[in-house]
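Residues in the sequence shown are numbered consecutively from 586, following our numbering.
For each residue, glycine too, the CB sits at the ideal point set by N, CA and C.
This structure is a prediction, so every number in the text was calculated from the model and none was measured.
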Amino acid sequence: MYSVIGFKRPTSLFPMKLFSDWQSLLSFAVTLVTAALTVYLIYLTRNFIKNLLEDKIFDQSNTRLANQAWKVFLALTFLSILTATGNLLQPPFSLDASMSAIPLLGALIIWILMKILEKGMEIAQENEFII
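Right under this line is the structure:
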């Protein structure tokens, strides 16, 4: 059938090796880690929203969740640099890796939110001692 159409018959089902070099293997690993961190970030967000719906606003678990979330955003920043440029030492605000500024901004916002929650917990504890 292949000779009638003019194509050569493939010699094997997989003519190319999967991960023939270390760069494709590294790219696949970075993609897997990025996907895992994104799923973990969704899990942290779900737990944070669940705490807010249960009126646990100034709670220690929220600060723990925020602490983990900003670290995940920071890890995603470095992974986006590695994905865009292939070089981890390149700064995140270059033209080649402009998308890496978004997770860095997310990390900053979550870190600020964590500090606000910590200060709110301190004020709530002081109010409990006064009453």
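TODO: Can you say whether F658 is buried or exposed, counting buried as having 16 or more other CB atoms within 10 angstroms of its CB?
DONE: Under this definition F658 is a buried residue.
TODO: Give me the Cα-Cα distance between A686 and T616, rounded to the nearest whole angstrom.
DONE: The alpha-carbon atoms of A686 and T616 are separated by roughly 18 Å.
Open item on the list: Taking the alpha-carbon of L664 as reference, which of I715, T623, N712 and Q710 has the nearest alpha-carbon?
Closed with: The option with the nearest alpha carbon to L664 is T623.
TODO: Just tell me which of A614, D640 and L650 has its CA closest to the CA of M699.
DONE: With respect to the C-alpha of M699, the residue from A614, D640 and L650 having the closest C-alpha is L650.
Task: Counted within 10 angstroms of its Cβ, other Cβ atoms place F714 as buried (16 or more) or exposed - done: Around the beta carbon of F714, a 10 Å sphere encloses fewer than 16 other beta carbons of the protein chains shown; the residue is thus reported as exposed.
Task: Extent of the continuous alpha helix (DSSP H) run through I714 - done: In the sequence as presented, Ile is not what sits at residue 714; that position holds Phe. For F714, the uninterrupted alpha helix (DSSP H) segment begins and ends at A686 to I715.
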